[in-house]
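Each remark here refers to the structure printed beneath this line.
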Amino acid sequence: MKDILTLKIKIKGLVQGVGFRPFIYRIAVKNNLYGWVDNRNDGVYINIEGNQNNLNNFLVGIKMEAPPASNIISINSEEIPFAGFKNFRIIKSKNTSNKITDISPDIAVCDDCLNDMKVQENRIDYPFINCTNCGPRFTIIKDLPYDREQTTMKPFVMCDDCKSEYKNVSDRRFHAQPVACSICGPEYELIYDGKKINNFHDILKITVHLIEEGKIIAMKGLGGFHIACDAQNETTVNRLRELKNRDGKPFAVMFSDINKLKEYTEVDKTTEERILSWQRPILLIPKKKKLAKSVCVGFQTIGAMLPYMPFHYLLFEKLKLPAIVLTSGNLSEEPIIIDNKTAKNELSKISDALLVYNRDIYNRTDDSVAMIVNDKERIIRRSRGYTPSPINLNLNVDGILATGAELVNCFCIGKGKQAILSQHIGDLKNIETLDFYTQTIDQFKKLFRMKPELIVCDLHPDYLSSKYADEQNQTIVRVQHHHAHIASCMAEHNLDEKVIGIAFDGIGLGDDNKIWGGEFFVCDLNDYERINHFEYIPMPGGDKATKNPWRMAVSYLYSYFGEDFKNFELDFLKNINGDELDLLISIIEKNINCPLTSSAGRLFDAVSALTGLCTHSSFHAEAPMRLEAAINHNNNDSYNFDIGEYISMKKTFIEIINDLKNNIPVSKISAKFHNTIINIIFAIVFETSEKYKINKVVLSGGSFQNRYMLERIEKLLTAKGFEVFSHSKTPSNDGGIALGQLAIAAKRKELKK
Ligand code: ZN
Ligand code: ZN
Ligand code: FE
1 MKDILTLKIK IKGLVQGVGF RPFIYRIAVK NNLYGWVDNR NDGVYINIEG
51 NQNNLNNFLV GIKMEAPPAS NIISINSEEI PFAGFKNFRI IKSKNTSNKI
101 TDISPDIAVC DDCLNDMKVQ ENRIDYPFIN CTNCGPRFTI IKDLPYDREQ
151 TTMKPFVMCD DCKSEYKNVS DRRFHAQPVA CSICGPEYEL IYDGKKINNF
201 HDILKITVHL IEEGKIIAMK GLGGFHIACD AQNETTVNRL RELKNRDGKP
251 FAVMFSDINK LKEYTEVDKT TEERILSWQR PILLIPKKKK LAKSVCVGFQ
301 TIGAMLPYMP FHYLLFEKLK LPAIVLTSGN LSEEPIIIDN KTAKNELSKI
351 SDALLVYNRD IYNRTDDSVA MIVNDKERII RRSRGYTPSP INLNLNVDGI
401 LATGAELVNC FCIGKGKQAI LSQHIGDLKN IETLDFYTQT IDQFKKLFRM
451 KPELIVCDLH PDYLSSKYAD EQNQTIVRVQ HHHAHIASCM AEHNLDEKVI
501 GIAFDGIGLG DDNKIWGGEF FVCDLNDYER INHFEYIPMP GGDKATKNPW
551 RMAVSYLYSY FGEDFKNFEL DFLKNINGDE LDLLISIIEK NINCPLTSSA
601 GRLFDAVSAL TGLCTHSSFH AEAPMRLEAA INHNNNDSYN FDIGEYISMK
651 KTFIEIINDL KNNIPVSKIS AKFHNTIINI IFAIVFETSE KYKINKVVLS
701 GGSFQNRYML ERIEKLLTAK GFEVFSHSKT PSNDGGIALG QLAIAAKRKE
751 LKK
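Heads up: the sequence shown is residues 1 to 753, going by the working numbering.
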């Protein structure tokens, strides 16, 4: 008995709902070990007994062979007295405490299942095939523990075949909660031309035919509805654009496979790895070959993704097309539609056929969007495949609810030292989105067994997320918007010290009641000092300036040159009605609804309009995006500027106007302008680091979604010996704000003790 050991092992991390217990069972049996594994809601517990060598192999195996979607944070093992186990078994999950293990995000269908879809009798071409390594998770979970009865699979009674797989511990579908087959599982239905079609092979045939014919199909996806059509058919894509009332915002595209994707876009190693990952995000990838013109006009990148539902694979098997447009099934800015009835009412207005299935979506998720910059994935919209994976912190954030920003909202809850960021919610000013927000907060409270004891919100009292906080009758912490931006990036990197923080974005309320957005801080998680910022410029008409970048251009010109600018013969002014221009000047003069702003976003807007690239914006951040898209990448020139009490761009504007006069191409002007901003950042960082002896630089805010700027500033600062921290797992836009709010509230709470 001497070399027989008994161990008690506790595993924490993303291990629930990802086939972890059967995985443990299989490697225990393989290594001749006895004992049991139990999945409680605070982790996976194992008591195990056997030969020391085998136990070592077992522990190594846990780390090396864990299921694709699991993410182990820690494994603790300790020796316990000999127990004399006679076999290895799995104990049924119990709801033992309020500390819960993470819920898995949804996982793209795995290769084994795709293979089964061709050979398993009851699953030939069955579009809801899944196993413990793949399939829907978060979108179908109503409550914990993660058992079939607590998911929207509840109404589907397993057939004998499925049940035997579900119960067989050595089967890949052991305890796969959404397990199903063509006999017992969910089914698709196609509604077309007043008819309902239920035979799946007919559905597939007709859908393929309709798409090839140039029709628009609304189809139920994993986390909500999509609208699909042929991405090469200009007439159709253009029609969709009109139906969706979408002027300039690019459509996402699903390519049939990685090879087709490579034919149409520049796919590097990291891009390939991430776009094929089980999260299957939409990645913004540089374009190589054209699809229909209307897919995206004036941009160098395309929002591309690869199939992730079994249905997508079945569709592309039959479809003779390289790619389809796959955009969210919603009307303008409303949340993506998730239920069949609303889809029938709303989406039939903008589509020719409706494809639904009879399993409910419980938690709405959009496709996640990311880009690769400096070889790292940068999440822009965090939803399907990522939510609700937690962010692990060194801070105790337990019981804190952060309500987020307003325009691009995500909220965040704290459990122990984990921050759980909600899926992308959207613009709270939309009433349907606000409902989605409050419902999802309630769902998170229930799902994660969370009772908020402290609420943290933005300093802006009129944000609907701040108003939500006010209504909760709780202690509230209010956090300055750009401090929250920097703190979110710090939290992602577990920084808890003084850093140089650069927050560039659209707008956020400052503590001087002006509108900030081009900010240099020296800050930690508790507090900040504002070191410098862009010069305050009137934002004529407030929010109207955001939608009309020409207003910011005029405001800058008027601030620097008075009415003289009218004699500069600027081309962009030809697009502007003379009366409107005079009216604008008079409201700036009289200071009517002209809040002052130091926003970097508004500065980019102004230059985008001044160069004629975007005078009127049809979607959020369009003007800076068009300015970035115009960059000539082979130009290293820049403009002059002044740094004093604030950053003055007067010299930059004078030189841009000169360049315009001399017919210098916009691509060059754009490059020079971006290089100027990079020089400004470097100059201030350098000076601040000398003065404060700080070497860590944190970049946050939506402006750092500018690939050119992020790529170069990171490389430059790193080359000069700075340690640079930027967002990867969390959005640098306002979707990341809630995490920063959470970290600041936790830090302040800790300091109070
Ligand atoms: Zn699978
Ligand atoms: Zn079945
Ligand atoms: Fe912001």
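Cβ atoms here follow ideal geometry from the backbone N, Cα and C, with glycine treated the same way.
From a predicted model like this one, the values you see are computed outputs, not experimental measurements.
ask   = Which residue comes first and which comes last in the alpha helix (DSSP H) that contains residue 117?
value = Stepping through the sequence shown from its first residue, residue 117 is reached at position 117. Residue 117 -> alpha helix (DSSP H) spans 111-119.
message = Just to confirm the assignment: which complete beta strand (DSSP E) runs, minimum length 3, are found wholly within the segment 200-287?
response = 217-220, 225-230, 253-255, 282-286
inquiry  = Helix, strand or coil for residue 337? Go by DSSP, reduced to three states.
reply    = Working through the sequence shown from its first residue, we reach residue 337 at position 337. Coil.
For residue 12, the first and last residue of its enclosing beta strand (DSSP E) = Counting from 1 along the sequence shown, the entry for residue 12 is found at position 12. Here the beta strand (DSSP E) through residue 12 covers 4-14.
query = If we call anything under 7 Å between Cβ atoms a contact, is residue 631 one with residue 708?
reply = As a first step, residue 631 is located in the sequence shown; it is residue number 631 there, counting from the start. As a first step, residue 708 is located in the sequence shown; it is residue number 708 there, counting from the start. For residue 631 and residue 708, yes; Cβs fall inside 7 Å.
Residues near residue 545 in its chain [Cβ-Cβ closer than 8 Å; skip 5 each side] = Here residue 545 refers to the residue found at position 545 of the sequence shown. Result list for residue 545: 539, 551, 552, 555, 602, 605, in chain order.
message = Within the continuous alpha helix (DSSP H) that includes residue 668, where are the two ends?
response = Position 668 of the sequence shown holds residue 668. Looking at the DSSP string, the run of the alpha helix (DSSP H) that includes residue 668 is 666-692.
ask   = Buried or exposed: residue 745, going by 16 or more other Cβ atoms within 10 Å of its Cβ?
value = Sequence index remark: in the sequence shown, residue 745 carries index 745 (1-based). Label assigned to residue 745: buried.
inquiry  = Assuming residue 52 is part of the alpha helix (DSSP H), what are its boundary residues?
reply    = Reading the sequence shown from its first residue, position 52 is the one you call residue 52. Residues 52-65.
message = On the CB-based measure, 16 or more other CB atoms within 10 Å of its CB, does residue 490 come out buried or exposed?
response = By 1-based counting over the sequence shown, the position of residue 490 is 490. With 16 or more Cβ atoms within 10 Å of its Cβ, residue 490 is classed as buried.
message = With a threshold of 6 Å on Cβ separation, who are the neighbours of residue 762 within its own chain once the five nearest residues in sequence on each side are excluded?
response = The structure shown does not extend to residue 762, since the chain spans only 1 to 753, so no value can be given for it.
message = If you follow the alpha helix (DSSP H) that residue 134 is in, where does it begin and where does it stop?
response = Position 134 of the sequence shown, counting from 1, holds the residue named residue 134. Where residue 134 is concerned, there is no enclosing alpha helix (DSSP H), given that its DSSP letter is neither H nor E.
request  = Given a cut-off of 7 Å, decide if residue 130 and residue 182 are closer than it, judged by their beta-carbon atoms.
outcome  = To locate residue 182, count along the sequence shown from 1; it is residue 182. To locate residue 130, count along the sequence shown from 1; it is residue 130. No, the pair does not count as a contact, with Cβ atoms beyond the cut-off.
ask   = In chain order, which continuous runs of the alpha helix (DSSP H) of length 4 or greater are located wholly inside the segment 518-606?
value = 543-547, 549-561, 578-589
message = So residue 697 and residue 499 are supposed to be a Cβ contact under 8 Å. How far apart are they, rounded?
response = Residue mapping note: residue 697 aligns to position 697 of the sequence shown, counting from 1. Residue mapping note: residue 499 aligns to position 499 of the sequence shown, counting from 1. Their Cβ separation, rounded to whole angstroms, is 7 Å, which keeps residue 697 and residue 499 in contact under 8 Å.
inquiry  = Restricting to runs no shorter than 3 residues, where is the beta strand (DSSP E) found entirely within the segment 446-502?
reply    = 454-458, 476-479
Residue 253 versus residue 326: straight-line alpha-carbon distance, rounded = Within the sequence shown, residue 253 is the residue found at index 253, counting from 1. Within the sequence shown, residue 326 is the residue found at index 326, counting from 1. If I take the Cα positions, the gap works out to 5 Å.
inquiry  = I want to know whether the segment 282-298 touches the segment 366-376 - three or more CB-CB distances under 8 Å.
reply    = yes
inquiry  = Mapping the DSSP letters down to three states, classify residue 317 as helix, strand or coil.
reply    = The count along the sequence shown starts at 1 and reaches residue 317 at position 317. If DSSP states are grouped into helix, strand and coil, residue 317 belongs with the helices.
Reduced DSSP secondary structure (H/G/I, E/B, other) of residue 751 = Here residue 751 refers to the residue found at position 751 of the sequence shown. In the structure shown, residue 751 sits in a helix (DSSP, three-state: H, G or I).
ask   = According to DSSP, is residue 442 helix, strand or coil?
value = Reading the sequence shown from its first residue, position 442 is the one you call residue 442. Residue 442 falls in the helix class under three-state DSSP.
message = Let me check you understand the geometry: is the CB of residue 352 closer than 6 Å to at least one non-hydrogen atom of ligand 3?
response = Start at 1 with the first residue of the sequence shown, and residue 352 comes out as number 352. False, no ligand heavy atom lies under 6 Å from that Cβ.
query = Taking the C-alpha atoms as reference points, what is the distance between residue 10 and residue 48?
reply = Here residue 10 is taken as the residue at index 10 of the sequence shown, counted from 1. Here residue 48 is taken as the residue at index 48 of the sequence shown, counted from 1. Between residue 10 and residue 48, the C-alpha separation is close to 11 Å.
key: residue 242 versus residue 451: straight-line alpha-carbon distance, rounded   = Along the sequence shown, read from residue 1 onward, the residue named residue 242 stands at position 242. Along the sequence shown, read from residue 1 onward, the residue named residue 451 stands at position 451. Approximately 45 Å, taken between the alpha carbons.
task = Tell me the start and end of each unbroken beta strand (DSSP E) in the segment 341-420 that is at least 3 residues and wholly inside, in chain order.
result = 353-357, 369-373, 376-381, 400-402, 412-415
query = Quick one: Cα of residue 589 to Cα of residue 595, how far?
reply = Indexing the sequence shown from 1 puts residue 589 at position 589. Indexing the sequence shown from 1 puts residue 595 at position 595. Whole-angstrom Cα-Cα distance: 12 Å.
request  = Could you please go through the chain and list the residues whose beta-carbon is closer than 5 Å to any non-hydrogen atom of ligand 1?
outcome  = 110, 113, 131, 133, 134
ask   = When DSSP labels each residue in this structure, what does residue 305 get in the three-state scheme?
value = Reading the sequence shown from its first residue, position 305 is the one you call residue 305. The answer is strand: DSSP assigns residue 305 an E or B state.
request  = Give the single residue among 30, 53, 60, 12 whose Cα lies nearest to the Cα of residue 38.
outcome  = The residue you call residue 38 lines up with position 38 of the sequence shown. The shortest C-alpha separation from residue 38 is found at 12.
key: Limits of the unbroken alpha helix (DSSP H) element including residue 325   = Position 325 of the sequence shown, counted from the start, is the residue given in the question as residue 325. Boundaries around residue 325 are those of the beta strand (DSSP E), 323-328, since no alpha helix (DSSP H) includes it.
key: Limits of the alpha helix (DSSP H) - the one that residue 39 falls within   = On the sequence shown, residue 39 is found 39 positions in, with the first residue counted as 1. Segment 34-40 is the beta strand (DSSP E) holding residue 39; no alpha helix (DSSP H) there.
query = Which of helix, strand or coil does DSSP assign to residue 77?
reply = For the purposes of this step, residue 77 is taken as the residue at position 77 of the sequence shown. It is a strand residue.
request  = For residue 175, count neighbouring C-beta atoms within 10 Å of its own C-beta (all shown protein chains included) and say buried if the count is 16 or more, exposed if not.
outcome  = On the sequence shown, residue 175 is found 175 positions in, with the first residue counted as 1. Its Cβ being crowded by 16 or more others within 10 Å, residue 175 is buried.
key: Cβ shell of residue 672 (< 7 Å), same chain only, five flanking positions each side left out   = The sequence position of residue 672 within the sequence shown is 672, counting from 1. Once the five neighbours on either side are set aside, the close Cβ partners of residue 672 are 635, 637, 638, 639.
Own chain, CB closer than 6 Å to residue 28, minus 5 neighbours either side, in chain order = Within the sequence shown, the letter at position 28 stands for residue 28. Closer than 6 Å at the Cβ level, and outside the excluded window around residue 28, lie 88.
request  = Examine ligand 2 and report whether any of its heavy atoms sits within less than 6 Å of the Cβ of residue 216.
outcome  = Looking up residue 216 in the sequence shown gives position 216. Incorrect: residue 216 has no Cβ contact closer than 6 Å to ligand 2.
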